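Residue numbers (UniProt numbering): 1 to 316. Using N, Cα and C, we set each Cβ at its ideal position, and we do this for glycine too. None of these values were measured; they are calculated from a predicted model. Have a look at the structure below before the remarks.
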Amino acid sequence: MEAPVAGIDVSKDKLVVYFQGKYYEFQNNKQGFEGVKQVLPKGCKVAIESTGIYHINLAKYLGKEYDVRIINPLILKKFKDIRGKKSDKNDAKKLAELVISMGSEFTTSEAKELTSQWDFITRSIVRVKNRLRRDLILLGYKDSLSKKNLNEVLRGEDNIVLSEVRFLLDELERLEVRKREIEEELEDLVPKDSLIFTIPGIGRTLGCIILARVGDVKRFGDKKRFVAYCGLDPLVESSGKSVVSRGISRRGDAVLRRAFYLAALTAIKVNPIIKRFYEEHKGNLKGKKLITACARKLAVITWAVLYYNKPFDASE
């Protein structure tokens, strides 16, 4: 059964809620948020326009009990240009209609921008950790980033390298805090009921990133186009009768490609199809090449699940 849909127009002081043909008004504060919860059933899809900072507290408040969709204002504007005039009540109704018309795989440019930030921060964390390990070796310690080892290092005599260790640890903490914030924001922007989450190996964060980068999967008429968009398509060179594999093209979406690679690391353990694929090919492929091949297989599975709108089935 399809979940009911509500639209909420948000201004600095007021909330206008449209739900099942009726309008409700509340103050834009905690008391008003509670009023909204009294009107809407749990699990309801709630469309809220991204309005600077005024929608943030409401979205967070409702996020745990409702499927909150944050709508980019540019998308709503295009929709309203076609479907009616401007008013608080009209906007609330159009928000609900927009979510219904876009379907469950709806995403926003805001979500896509967050995925770029997440990817940058994730790679920055790796670089900071690598630099930390290098500094620990220079100081004569193990390159472990365990709390016990780091506490021992920090008790050492001050010098240039130890000063950098302290700086890098502060930087690492800031990066990890921001990474968690982005992951929480992404969960509010991407549909919680997407069938991508039925695929073993694709968790909440990577699933949100993939959905945000892909957008409408229907624009990829076959799996080869989708794999190419991810930059996971095989790159081959032919000369006469010989055909030589040169890895993958890397011409597609780099963030999407890395997301599938990370998901594949988990999928080889928990996804029966990817696990079987891994076992069948580990004699011919090694290391990153094998994981990349698994990522490509996982991308094909993801395309099929989203394109045909069917949950993952290991028997197919």
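Check, Outcome
"Simplified DSSP assignment, three categories, for residue 165", "helix"
"Anticipated Cβ contact below 8 Å, residue 59 with residue 96, distance rounded", "Rounded, the Cβ-Cβ distance is 16 Å, inconsistent with contact."
"Buried or exposed (CB count within 10 angstroms, at least 16 for buried), residue 314", "exposed"
"Beta-bridge pairing of residue 47 - partner residues as DSSP gives them", "7 and 69"
"Residue 307, enclosing alpha helix (DSSP H) - first and last residue", "287-307"
"Residues bridged to residue 25 (per DSSP)", "16"
"Under 8 Å between C-beta atoms of residue 164 and residue 128", "no"
"Status (buried if at least 16 other CB within 10 Å, exposed otherwise) for residue 270", "exposed"
"Under 8 Å between C-beta atoms of residue 111 and residue 62", "no"
"Where residue 272 falls: helix, strand or coil (DSSP)", "helix"
"Own chain, CB closer than 6 Å to residue 142, minus 5 neighbours either side, in chain order", "149"
"Proximity below 8 Å, CB of residue 263 to CB of residue 206", "yes"
"Short Cβ contact (8 Å threshold) for residue 131 with residue 168", "yes"
"Buried versus exposed call for residue 93 [16 or more other C-beta atoms within 10 Å across all chains shown]", "buried"
"Straight-line gap, residue 312 to residue 137 (C-alpha atoms, nearest Å)", "46 Å"
"CA-to-CA distance, residue 197 to residue 39, given in whole angstroms", "29 Å"
"Inter-residue spacing [alpha-carbon to alpha-carbon] between residue 33 and residue 51", "16 Å"
"Per-residue burial, residue 84 [other beta carbons within 10 Å of its own, 16 or more giving buried]", "The predicted position of residue 84 is uncertain, since its pLDDT is 46 and thus under 50; no value can be drawn from it."
"Beta-carbon spacing of residue 13, residue 31 below 8 Å", "no"
"Backbone CA spacing between residue 20 and residue 292 [nearest angstrom]", "47 Å"
"C-alpha gap between residue 179 and residue 122, whole angstroms", "7 Å"
"Three-state class that DSSP yields for residue 55 in the structure shown", "coil"
"Alpha-carbon to alpha-carbon, residue 288 and residue 119", "19 Å"
"Coarse secondary structure for residue 141, derived from DSSP in three states", "coil"
"Whether residue 7 touches residue 24 by CB criterion (8 Å)", "no"
"For residue 223, the first and last residue of its enclosing alpha helix (DSSP H)", "223-229"
"Own chain, CB closer than 8 Å to residue 125, minus 5 neighbours either side, in chain order", "172, 175, 176 and 179"
"Collapsed DSSP secondary structure at residue 83 in the structure displayed", "In this predicted model, residue 83 has a pLDDT of only 41, less than 50, meaning its place in the structure is not dependable enough to derive any value."
"Sub-8 Å separation of residue 221 and residue 251 beta-carbons", "no"
"Residue 307 vs residue 224 beta-carbon contact at 8 Å", "no"
"Exposure of residue 296, with buried meaning 16 or more beta-carbon neighbours within 10 Å", "buried"
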